[in-house]
Every structure is written in structure tokens, then in C-alpha cells.
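Counting from 1283, one number per residue, gives the positions in the sequence shown under this note's numbering.
Glycine included, every Cβ here is placed at the ideal spot set by N, Cα and C.
Read the structure below first, then the notes.
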Amino acid sequence: MNIPYILLLFQSVTGEDVTQEELGGAKTHTATSGVAHKAFDNDVDAILQVREFFNFLPLSNKDPAPRRVCHDPPFRDVPGLDTVVPLESTAAYDIKDVILGVADDMEFFEIMPNYAKNIVVGFTRMNGQTVGVVGNQPKVAAGCLDINASVKGARFVRFCDSFNIPIVTFVDVPGFLPGTGQEYGGIIRHGAKLLYAFAEATVPKITVITRKAYGGAYDVMSSKHLRGDTNYAWPTAEVAVMGAKGAVSIIFRGKDQDKNEAEYVEKFANPFPAAVRGFVDDIIEPRSTRRRICQDLQVLASKKRENPWKKHANMPL
């Protein structure tokens, strides 16, 4: 078998024995490196998908996000969202069920679906208007943010802001993924990219907290602290520094664990303290989420906000 020159060179320099597919194939770059956004089985499918992608974009950065005629009632309720979040706070669910529930005709064009699956990004339409969607995925790593998810989210948010596309964010994040691998890889620096991208974005930003919103990871997910225009919370939302079990273990060192956990949940693991402090604009029924977002998109359509002039910003690269 003839071995390509590049593989021979690679083996002689690194000592690694890899195939072409492992070194730079479609799976490698869509699932591991994040260099490519999607892979397709044939050129026809690729062209159709690229065409669909371009339908979401304006002709240039000077044009508004495109609209098209919508036959899906913008103010319809979505009863299925009332039960999509499990009663058990540690149980997983699919954030895509939430996204599809609020989207026009239940259509969602996901970007980078096989890379950093603990965060979901993509395009949809609401009342005919293109919106970018960012959402934590509880099905993967409990929705924790890690290095790859932070970079993936930041790239997408900056892309939307570049082309005047409003951003809708669904939050269910228990924190940043712990571990030496993440710390040695610079999770603080990479996590700051997502924070920076949301803070710098001047397009309409609407956030819905579906369940967990813990600590610094909550802050970076288009929170009110980052100039989010509207922040909603479902009744299942828990806006706190951390979960009840972890907080009680630190504060009380395991004493009266069940009693103190129940007290913590009652006082802090709910959306009401955040609403009192102005971090949440309203606590809404899940079924009304589409209606509220569509209303806000109409109100924010005339939003004009520019960052102070500077040669360029100092993004945490």
C-alpha cells in the first residue's frame, strides 16, 4: 500500500502512526478539532445545506437580519414546554426540544452539531425573523461549560453580532467543568471569550433561564450583567452561586445535610431572589416563551446601540 508522503513525514517526526482520516478527516475536524462546522455525505446535500444557511443571513453586515412570511402564529402557547424540564434537578433533558418548541414551524439549523455537544448553537426564525440561538445542553456533561463549548459559543455570538442577527439564549448551566485538564488548558481565559462576546454584542439579546443558573457560568450566558436586553426565568429556574448539595457541604461541613439542603433550596434555589434584585425581568410560564420572545423581538427591532469607538477591542484570545 502506498503511504502518502505527509503521513510518512508525520510518523518520522512525531512517532505517531495515524491514518489520513484520523489526522485530518471529516470526523476529526467536525467532532474533535472544531475546524469544520459540518460534514456531508455528498455534494448535493452540501449545496442544499449551504443554501439553507445563506437564507438566514443578510446580504452584508450593513443590512438587517432577513425576514420572511411566517404562517406559524407568533403568539401561540407551547403547552409541551410546561413538562419538558424534569422535576428532579439532576435529570437530563434535550434543550433542542425547547428550541424546536419556540421556533417557527419547529425548524432549527444547527451549527457544529458534533463538536462541543454540551452547548447548542444555530439559526431559526421567530415570527419570520432570523435569530441565532445559544443553549446549554443538559444531556451532555450536564450542560457544563468547558474550553471547547466556550470557544464554540463565543464564535457563534460574534458571528451573529457581525450580521445584525438577534440572539436568544437558553440557560441551564451548573458551572464550568472542573478538573486539572480544563485548568491547565486555560478555562478562565477561554471562558472569558464567551463572556466578552456577549458583553460586546449590540444586537437584541433575549435570555431564558430554564433551570440551573449557577455561579460564573450563569454570568457569561448573556445575563443581565452583560447588557442582556430581556432576561426571563421559568418557575423551575435556580439562580444561585451553586447547587444546594455543594453549598451545604461547604458551609455546614455535612451537618444536618437534608435539613440545610431543603432550607437552601427554599431560600436560594429558585428565581425569586434574582427577580427581586433585578437580574430577571419576569418569571414566565414555559408555555408562553415563544409569545414573549416574539413580542420582545418586535420591541427591540429598532434597538440602536454602539460600543465606544476604539482602534480595536482587547479580546481575551
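Can you name, in chain order, every residue of its own chain whose Cβ lies under 7 Å from the Cβ of His-1472, other than the five neighbours on each side?
-> Here residue 1472 refers to the residue found at position 190 of the sequence shown. Ile-1429, Ser-1432, Val-1433.
In or out: Leu-1579 buried (at least 16 other Cβ within 10 Å) or exposed?
-> As a first step, residue 1579 is located in the sequence shown; it is residue number 297 there, counting from the start. Leu-1579 comes out buried.
How is Phe-1445 classed by DSSP in three states: helix, strand or coil?
-> By 1-based counting over the sequence shown, the position of residue 1445 is 163. Coil, per DSSP.
Inter-residue spacing [alpha-carbon to alpha-carbon] between Met-1283 and Thr-1301 | Position 1 of the sequence shown holds residue 1283. Position 19 of the sequence shown holds residue 1301. In this prediction, Met-1283 has a pLDDT of 47, which is less than 50 and means its spatial position is unreliable; nothing more can be read from the coordinates.
Same chain only: Cβ atoms within 6 Å of Lys-1585, ignoring 5 sequence neighbours per side = Position 303 of the sequence shown, counting from 1, holds the residue named residue 1585. Contacts found: Pro-1486.
Can you tell me which of Pro-1368, Ser-1371, Thr-1571 puts its alpha carbon nearest to the alpha carbon of Pro-1361?
-> Mapped onto the sequence shown, residue 1361 falls at position 79. For Pro-1361, the closest alpha carbon among the candidates Pro-1368, Ser-1371, Thr-1571 is that of Thr-1571.
When the Cα atoms are used, what is the spatial distance from Asp-1323 to Gln-1331?
-> As a first step, residue 1323 is located in the sequence shown; it is residue number 41 there, counting from the start. As a first step, residue 1331 is located in the sequence shown; it is residue number 49 there, counting from the start. Roughly 12 Å separates the two Cα atoms.
Option in Pro-1395, Leu-1459, Asp-1379 with minimal Cα separation from Met-1388 | The residue you call residue 1388 lines up with position 106 of the sequence shown. For Met-1388, the nearest C-alpha among the options comes from Asp-1379.
Ala-1479 versus Arg-1509, Val-1523, Tyr-1496, residue with shortest Cα-Cα distance = Along the sequence shown, one-based indexing puts residue 1479 at 197. When only C-alpha atoms are compared, the closest one is Arg-1509.
Return the CA-CA distance between Trp-1516 and Trp-1591, expressed in angstroms with no decimal places.
-> Locating residue 1516 in the sequence shown gives position 234, counting from the first residue. Locating residue 1591 in the sequence shown gives position 309, counting from the first residue. Their Cα atoms are separated by approximately 37 Å.
Does the count of Cβ pairs from the segment 1394-1404 and the segment 1516-1528 closer than 8 Å reach three?
-> no
Three-state class that DSSP yields for Asn-1324 in the structure shown | By 1-based counting over the sequence shown, the position of residue 1324 is 42. Looking at Asn-1324 - three-state DSSP - the assignment turns out to be coil, as it is neither helix nor strand.
In whole angstroms, what is the alpha-carbon distance linking Asn-1418 and Tyr-1287?
-> Along the sequence shown, one-based indexing puts residue 1418 at 136. Along the sequence shown, one-based indexing puts residue 1287 at 5. In a straight line, the C-alpha of Asn-1418 is about 42 Å away from that of Tyr-1287.
Report the rounded CA-to-CA distance for Thr-1484 versus Asp-1540, giving the unit in angstroms.
-> Against the sequence shown, residue 1484 aligns to sequence position 202. Against the sequence shown, residue 1540 aligns to sequence position 258. For Thr-1484 and Asp-1540, the distance between alpha carbons rounds to 44 Å.
Among Val-1450, Ile-1488, Leu-1427, which one has its Cα closest to the Cα of Ile-1470?
-> As a working mapping, residue 1470 is identified with position 188 in the sequence shown. That would be Leu-1427, whose Cα lies nearest to the Cα of Ile-1470.
Spatial neighbours of Tyr-1375 in its chain, beta-carbon cut-off 8 Å, leaving aside the 5 residues before and after = Working through the sequence shown from its first residue, we reach residue 1375 at position 93. Here the set comprises Val-1366, Val-1367, Pro-1368, Pro-1420, Lys-1421.
Are Lys-1475 and Ala-1423 close, meaning C-beta to C-beta below 8 Å?
-> To locate residue 1475, count along the sequence shown from 1; it is residue 193. To locate residue 1423, count along the sequence shown from 1; it is residue 141. For Lys-1475 and Ala-1423, no; Cβs fall outside 8 Å.
Is the segment 1493-1504 touching the segment 1447-1457, taking contact as three or more C-beta pairs under 8 Å?
-> At 8 Å Cβ cutoff, the stretches touch.
Test item: CB-CB of Phe-1391 and Gly-1410 under 8 Å = Counting from one through the sequence shown, the residue named residue 1391 turns up at place 109. Counting from one through the sequence shown, the residue named residue 1410 turns up at place 128. Contact flag unset, no.
Integer-rounded CB distance, given that Ala-1321 should sit under 8 Å from Gly-1314 | Walking along the sequence shown from the start, residue 1314 turns up at place 32. Walking along the sequence shown from the start, residue 1321 turns up at place 39. For the sequence presented, residue 1314 should be read as Thr rather than Gly. Rounded to the nearest angstrom, the Cβ distance from Thr-1314 to Ala-1321 is 12 Å, too far for a contact under 8 Å.
Looking at the structure shown, is Gly-1297 part of a helix, part of a strand, or coil, going by DSSP?
-> The residue you call residue 1297 lines up with position 15 of the sequence shown. Correct three-state label for Gly-1297: coil.
Return the CA-CA distance between Val-1490 and Arg-1573, expressed in angstroms with no decimal places.
-> For the purposes of this step, residue 1490 is taken as the residue at position 208 of the sequence shown. For the purposes of this step, residue 1573 is taken as the residue at position 291 of the sequence shown. Distance between the alpha carbons of Val-1490 and Arg-1573 is about 13 Å.
Extent of the continuous alpha helix (DSSP H) run through Asn-1542 = Locating residue 1542 in the sequence shown gives position 260, counting from the first residue. Its alpha helix (DSSP H) spans residues 1539-1549.
Contained alpha helix (DSSP H) runs [length at least 4] in the segment 1508-1537, N- to C-terminal order = 1526-1534
C-alpha gap between Asn-1513 and Phe-1452, whole angstroms = By 1-based counting over the sequence shown, the position of residue 1513 is 231. By 1-based counting over the sequence shown, the position of residue 1452 is 170. Each residue's Cα considered, the two are about 10 Å apart.
When the distance is taken between beta carbons, is Ala-1556 closer than 8 Å to Val-1562?
-> One-based indexing of the sequence shown puts residue 1562 at position 280. One-based indexing of the sequence shown puts residue 1556 at position 274. In contact: Val-1562 and Ala-1556 (Cβ atoms closer than 8 Å).
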